[in-house]
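Peer 1:
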Amino acid sequence: MSVPGPLGPDASGTGADGDVGRVGGVTGIDDVRGVDEIDDIGRVDEIDDVDAVGGSPAPRRVRVTSPRHGAADRPVARPRAHEIDEETALGEVYLAALLRSQRRLALLVLGPTVLATLASLALVLATTAGDDGGVSVGLDWVLVGVVGYPLMWLGAFLYARAADRVEDEFVELLRRR
Amino acid sequence: MSAAGAWAAGLVGLVCVLTLLGGAYGLRLSRTTSDFYVAGRTVTPWWNASAIGGEYLSAASFLGVAGLVYAGGVDMLWFPVGYTLGYLVLLALVAAPLRRSGAYTAPDFAQARLGSLPVRRLASVFAVVIGWAYLLPQLYGAGLALRSLTGAPSWVGAALVAVVVTLNVVAGGMRSVTLVQAVQYWVKLIALAVPALVLLGVWLASGTPTPHLPTPADVGLDGAGGAVGDRAYTILSTLLALCLGTMGLPHVVVRFYTNPDGRAARRTTVRVVALLGLFYVFPPLYALLARVYVPQLPPGVSSDAIVLLLPSAVVPGGLGTALTAVLAAGAFAALLSTASGLAVAVAGVLDQDVVRPALLAVTGGDATGIQSFRLAAGVAMVVPCAVLPLVDDIGLATSVTLVFAVAASTFSPLLVLGVWWRGLTAPGAAAGMVVGGVSSLTALGLRLTEAVPAGEDRLGLFVASPAAWTVTAAFVTAILVSLATPERVPRGSLAMLARLHTPERVDLARLRP
Numbered sequence: 001m002s003v004p005g006p007l008g009p010d011a012s013g014t015g016a017d018g019d020v021g022r023v024g025g026v027t028g029i030d031d032v033r034g035v036d037e038i039d040d041i042g043r044v045d046e047i048d049d050v051d052a053v054g055g056s057p058a059p060r061r062v063r064v065t066s067p068r069h070g071a072a073d074r075p076v077a078r079p080r081a082h083e084i085d086e087e088t089a090l091g092e093v094y095l096a097a098l099l100r101s102q103r104r105l106a107l108l109v110l111g112p113t114v115l116a117t118l119a120s121l122a123l124v125l126a127t128t129a130g131d132d133g134g135v136s137v138g139l140d141w142v143l144v145g146v147v148g149y150p151l152m153w154l155g156a157f158l159y160a161r162a163a164d165r166v167e168d169e170f171v172e173l174l175r176r177r
Numbered sequence: 001m002s003a004a005g006a007w008a009a010g011l012v013g014l015v016c017v018l019t020l021l022g023g024a025y026g027l028r029l030s031r032t033t034s035d036f037y038v039a040g041r042t043v044t045p046w047w048n049a050s051a052i053g054g055e056y057l058s059a060a061s062f063l064g065v066a067g068l069v070y071a072g073g074v075d076m077l078w079f080p081v082g083y084t085l086g087y088l089v090l091l092a093l094v095a096a097p098l099r100r101s102g103a104y105t106a107p108d109f110a111q112a113r114l115g116s117l118p119v120r121r122l123a124s125v126f127a128v129v130i131g132w133a134y135l136l137p138q139l140y141g142a143g144l145a146l147r148s149l150t151g152a153p154s155w156v157g158a159a160l161v162a163v164v165v166t167l168n169v170v171a172g173g174m175r176s177v178t179l180v181q182a183v184q185y186w187v188k189l190i191a192l193a194v195p196a197l198v199l200l201g202v203w204l205a206s207g208t209p210t211p212h213l214p215t216p217a218d219v220g221l222d223g224a225g226g227a228v229g230d231r232a233y234t235i236l237s238t239l240l241a242l243c244l245g246t247m248g249l250p251h252v253v254v255r256f257y258t259n260p261d262g263r264a265a266r267r268t269t270v271r272v273v274a275l276l277g278l279f280y281v282f283p284p285l286y287a288l289l290a291r292v293y294v295p296q297l298p299p300g301v302s303s304d305a306i307v308l309l310l311p312s313a314v315v316p317g318g319l320g321t322a323l324t325a326v327l328a329a330g331a332f333a334a335l336l337s338t339a340s341g342l343a344v345a346v347a348g349v350l351d352q353d354v355v356r357p358a359l360l361a362v363t364g365g366d367a368t369g370i371q372s373f374r375l376a377a378g379v380a381m382v383v384p385c386a387v388l389p390l391v392d393d394i395g396l397a398t399s400v401t402l403v404f405a406v407a408a409s410t411f412s413p414l415l416v417l418g419v420w421w422r423g424l425t426a427p428g429a430a431a432g433m434v435v436g437g438v439s440s441l442t443a444l445g446l447r448l449t450e451a452v453p454a455g456e457d458r459l460g461l462f463v464a465s466p467a468a469w470t471v472t473a474a475f476v477t478a479i480l481v482s483l484a485t486p487e488r489v490p491r492g493s494l495a496m497l498a499r500l501h502t503p504e505r506v507d508l509a510r511l512r513p
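Residue numbers (our numbering), protein chains in the order written: chain A, 1 to 177; chain B, 1 to 513.
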């Protein structure tokens, strides 16, 4: 982000990183304004300045900063994610915890699915094994052909929701001290 | 040509023209590869899920499942269950990590995860072979559908589909247009559901006559005899192939790239399960109604054609003709969308790993990316067309299931172990793919050429349903060879696994450049 016009290179802000403290130049800006607002108002301010000194602009430092609500916990979040980046022992512990809970979740949805499949297969085989005449359309058809689908969807839905939650908790873990 | 044939041919032609227009629209809509990525960010999970459904539901689902259930009874209901279950397994095991890997194809994943070019090449070979093998039943189904409608020779339908798909892919380029594929799902669902409900109404109005079902002992799966043990083996092996094969199909993997992030990939997959379940309720309905109204197949007609025969058998005359035409159009929509998706995926892999390097070498760096992609698209369609006459008539869903077995035996060890196990090595993955691929492809070849007839003995059973042993062999090989080569565990595999399993929001600075 930079401030255009004759004010030159010094006027460019360091809004993106925001670690630098606020220095004057932009007057009357409330701390909680968004970056865009500051940009607009800052520009107006400087044009006024140019008029005041009659065409010979004094290169004033304008530092535009972005007020960041989450700035306070930022330094805490970085090192924890770095533990994983840098493959430290602690990072391995974090990742192992995440993998474990995701794996448990996958087994929690696939295990019952396998069991239910085997059970209904056994049921269908048992009811049709001895038949040698015309087989009727009965419970087995409804069980395999219709009932299975909503159950599969339910399993998928619950899994996706739980997986989202596990990931949210992991993000929290990395953010928290 | 009968009146029904004329009607159906007209609607089929309309579907072909609309597909071509869709390709041309896609060309105007997005001109660069990056447009595809950008489009991906704006596609909602429902659109994406419809697009996956549109590409996934092939002729095997539209015609083949009903034919199987008609011929084989209740045991065959496990086929659509397996087709749907595949997405539940995909969701729980690989959906989000696959998206987070940034891989566009399974070979991309192999390279990203294992950092090995030879493994990538191997995966490319299998992706192309699987794509070709999956295109075969689509072409076969096209010939079948057109023949049963108009009496035209089988090659006419196959050639028609091959030409339309090639033109479509060449015109539309690298992108599979999400919008067109998404609309295809709803076209197929309506084309299958509306005639089903009309026929069901007629059946109810005529006093619900009972269907005459074949006994499982008569047919068995694949004619594999009626012993309970054999039936159980066949069903379980089939389910294993379908559950683990879905994630390895080239056109399915590509679709997951369109999701903006891992979480969206999961949401999309949940909706896919719902859409597939909705669709698969209908094919068995056709089979049951056909058991009432068409107790015996006319001589020389495959059971795959039963969906197309049914309407005229239930309501002779104008209504039956119209319904048949709607179903034929739906079947062609299914063929075209699946074949287009496969052709794009196969052409993409061929282009990246074979055609472009070769073309650059021949022309001395004078060929553009679009030229080489078009050449690859041509090759992608010519090969299955050439192989088609060698293949015996073994039924749509059966041959598709064999291809699932190949996909399950090659890519599921790579993907599942790659996502969950840090110790997977390049030699392990390669060995698993070779063992699983060679064994399952051998079974596929023996079955397609009828060299080993199914149902004669145990060998026939294992060849007809190979997944149970080929998938197991592939996983065991991959794990054992990886354990034997611990020094080949890729550097940074912890960071890679972290990237696959952490949400995109977490700022893993070095991993997301």
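Backbone N, C-alpha and C fix where the C-beta goes; we use that ideal spot for every residue, glycine too.
I'd like the list of long-range same chain contacts for L424(B), defined as Cβ closer than 6 Å, with 5 residues on each side in sequence excluded.
Peer 2: For this step, residue 424(B) is matched to residue 424 along the second sequence. Same-chain partners within the cutoff: L417, G418, S482.
Peer 1: For the stretch 188–204 of chain B against the stretch 319–329 of chain B, are there 3 or more C-beta pairs whose distance is under 8 Å?
Peer 2: Short answer: they touch.
Peer 1: Inspect the CB distances between the stretch 328–346 of chain B and the stretch 244–259 of chain B and report whether three or more fall short of 8 Å.
Peer 2: These segments touch.
Peer 1: Can you check which of these residues, V128(B), T449(B), L360(B), is closest to L407(B) by C-alpha distance?
Peer 2: Mapped onto the second sequence, residue 407(B) falls at position 407. In the sequence under discussion, the amino acid at residue 407(B) is Ala, which differs from the Leu named in the question. With distances taken between Cα atoms, A407(B) lies closest to V128(B).
Peer 1: Can you find a C-beta in chain B that's less than 8 Å from the C-beta of A119(A)?
Peer 2: The count along the first sequence starts at 1 and reaches residue 119(A) at position 119. Chain B, which has no Cβ nearer than 8 Å to the Cβ of A119(A), makes this no.
Peer 1: Quick check on this structure: which residue in G143(B), L244(B), W469(B) has the alpha carbon closest to the alpha carbon of C385(B)?
Peer 2: Here residue 385(B) corresponds to residue number 385 of the second sequence, with the count starting at 1. The option with the nearest alpha carbon to C385(B) is G143(B).
Peer 1: Kindly indicate which three-state DSSP category L480(B) falls into: helix, strand or coil?
Peer 2: Locating residue 480(B) in the second sequence gives position 480, counting from the first residue. Helix, per DSSP.
Peer 1: Give the DSSP-derived three-state secondary structure of H212(B) in the structure shown.
Peer 2: As a position in the second sequence, residue 212(B) is number 212, starting the count at 1. Coil at H212(B), not helix or strand.
Peer 1: Please determine, among L179(B), P45(B), Y56(B), L494(B), the residue with the shortest C-alpha to C-alpha distance to L335(B).
Peer 2: Looking up residue 335(B) in the second sequence gives position 335. Per the Cα distances, Y56(B).
Peer 1: Identify which residue in V349(B), L18(B), V362(B) has its Cα closest to the Cα of A379(B).
Peer 2: For the purposes of this step, residue 379(B) is identified with residue 379 of the second sequence, where counting begins at 1. Per the sequence shown, the amino acid found at residue 379(B) is Val instead of Ala. When each option's Cα is compared against that of V379(B), the closest is V349(B).
Peer 1: Along chain A, in chain order, which residues have C-beta atoms closer than 7 Å to that of I235(B)?
Peer 2: Counting from one through the second sequence, the residue named residue 235(B) turns up at place 235. Residues of chain A passing the Cβ test: L121.
Peer 1: Can at least three beta-carbon pairs, one atom from the stretch 3–17 of chain B and one from the stretch 119–133 of chain B, be found at a separation below 8 Å?
Peer 2: Cβ pair count under 8 Å is below three, so no.
Peer 1: Please name the residue, chosen from W78(B), A498(B), A468(B), that lies closest to G148(A) on a Cα-to-Cα basis.
Peer 2: Residue 148(A) sits at position 148 when you count from the first residue of the first sequence. Closest by alpha carbon: W78(B).
Peer 1: Quick one: Cα of A498(B) to Cα of P97(B), how far?
Peer 2: In the second sequence, residue 498(B) corresponds to position 498, counting from 1. In the second sequence, residue 97(B) corresponds to position 97, counting from 1. Distance between the alpha carbons of A498(B) and P97(B) is about 10 Å.
Peer 1: So what's A227(B) in DSSP terms, helix, strand or just coil?
Peer 2: Numbered from 1 along the second sequence, position 227 holds the residue referred to as residue 227(B). Three-state DSSP puts A227(B) in coil, outside helix and strand.
Peer 1: In terms of alpha-carbon separation, which member of L500(B), P284(B), T449(B), A305(B) lies closest to V142(A)?
Peer 2: As a position in the first sequence, residue 142(A) is number 142, starting the count at 1. Of L500(B), P284(B), T449(B), A305(B), the residue nearest in Cα terms is P284(B).
Peer 1: Residues of the stretch 278–295 of chain B in Cβ contact with chain A at a cutoff of 8 Å, in chain order, please.
Peer 2: The stretch 278–295 of chain B vs chain A, Cβ under 8 Å: L278, Y280, V281, P284, L288.
Peer 1: Judging by CA-CA distance, which residue of G341(B), L390(B), E450(B), A305(B) is the nearest neighbour of V164(B)?
Peer 2: By 1-based counting over the second sequence, the position of residue 164(B) is 164. Considering only alpha carbons, the answer is G341(B).
Peer 1: Does DSSP put W421(B) in a helix, in a strand, or in coil?
Peer 2: Walking along the second sequence from the start, residue 421(B) turns up at place 421. In the structure shown, W421(B) sits in coil (DSSP, three-state: anything other than H, G, I, E or B).
Peer 1: Determine whether the Cβ of V93(A) lies closer than 8 Å to any Cβ atom of chain B.
Peer 2: Locating residue 93(A) in the first sequence gives position 93, counting from the first residue. Cβ-Cβ to chain B under 8 Å: no for V93(A).
Peer 1: By a C-beta neighbour count over all protein chains shown, 10 Å radius and 16 as the cutoff for buried, is H212(B) buried or exposed?
Peer 2: To locate residue 212(B), count along the second sequence from 1; it is residue 212. With fewer than 16 other Cβ atoms within 10 Å, it is exposed.
Peer 1: Please report how far the alpha carbon of R113(B) lies from the alpha carbon of P299(B), in whole angstroms.
Peer 2: Here the question's residue 113(B) lines up with position 113 in the second sequence. Here the question's residue 299(B) lines up with position 299 in the second sequence. Roughly 53 Å separates the two Cα atoms.
Peer 1: Can you find at least 3 beta carbon pairs, one from the stretch 257–268 of chain B and one from the stretch 276–292 of chain B, that sit closer than 8 Å?
Peer 2: The stretch 257–268 of chain B, when compared against the stretch 276–292 of chain B, does not touch it at the 8 Å Cβ threshold.
Peer 1: With H, G and I counted as helix, E and B as strand and the rest as coil, what does DSSP make of A249(B)?
Peer 2: Within the second sequence, the letter at position 249 stands for residue 249(B). First, the amino acid is wrong: residue 249(B) is Leu here, not Ala. Coil, per DSSP.
Peer 1: Could you pull out every unbroken alpha helix (DSSP H) segment of at least 4 residues lying fully inside the stretch 251–301 of chain B, listed in chain order?
Peer 2: The qualifying runs are 262–280, 282–293.
Peer 1: Go to A133(B), then tell me how far its alpha helix (DSSP H) extends in each direction, as first and last residue.
Peer 2: As a first step, residue 133(B) must be located in the second sequence, where it is residue number 133. Element bounds for A133(B): 117–150.
Peer 1: Can you tell me whether I52(B) is buried or exposed? The criterion is at least 16 other CB atoms within 10 Å of its CB, across all chains shown.
Peer 2: Here residue 52(B) is taken as the residue at index 52 of the second sequence, counted from 1. That one is buried.
Peer 1: Measure the CB-CB distance between Y87(B) and L244(B) and report whether it falls below 8 Å.
Peer 2: Here residue 87(B) corresponds to residue number 87 of the second sequence, with the count starting at 1. Here residue 244(B) corresponds to residue number 244 of the second sequence, with the count starting at 1. Not a contact, by the Cβ cut-off of 8 Å.
Peer 1: Any beta carbon from chain A within less than 8 Å of V65(B)'s own beta carbon?
Peer 2: Numbered from 1 along the second sequence, position 65 holds the residue referred to as residue 65(B). So, not an interface residue.
Peer 1: Quick one: which chain B residues come within Cβ less than 7 Å of E167(A)?
Peer 2: Against the first sequence, residue 167(A) aligns to sequence position 167. Under the 7 Å cutoff, chain B gives P503.
Peer 1: So with CB distances below 8 Å, who are the chain B contacts of V144(A)?
Peer 2: Indexing the first sequence from 1 puts residue 144(A) at position 144. Within 8 Å Cβ-Cβ: V74, L77, W78, V81.
Peer 1: Using CA coordinates, which residue listed in A331(B), V194(B), A274(B), P107(B) is at the minimum distance from A8(B)?
Peer 2: As a working note, residue 8(B) is residue 8 in the second sequence. Nearest C-alpha to A8(B): A331(B).
Peer 1: Should R104(A) be flagged as near chain B, meaning a C-beta pair shorter than 8 Å?
Peer 2: Here residue 104(A) corresponds to residue number 104 of the first sequence, with the count starting at 1. Not one chain B Cβ lies under 8 Å of R104(A).
Peer 1: What does a CB cutoff of less than 8 Å around L359(B) pick up in its chain, not counting 5 residues either side in sequence?
Peer 2: For this step, residue 359(B) is matched to residue 359 along the second sequence. Here the set comprises A367, Q371, S372, L375.
Peer 1: Following the continuous alpha helix (DSSP H) through T321(B), name the residue where it begins and the one where it ends.
Peer 2: In the second sequence, the residue the question calls residue 321(B) occupies position 321. Taken as a continuous stretch (DSSP letters only), the alpha helix (DSSP H) holding T321(B) covers 318–350.
Peer 1: Look at the alpha carbon of W420(B) and the alpha carbon of L99(A), and state the distance between them as a whole number of angstroms.
Peer 2: Reading the second sequence from its first residue, position 420 is the one you call residue 420(B). Reading the first sequence from its first residue, position 99 is the one you call residue 99(A). When rounded, the distance between both Cα atoms is 8 Å.
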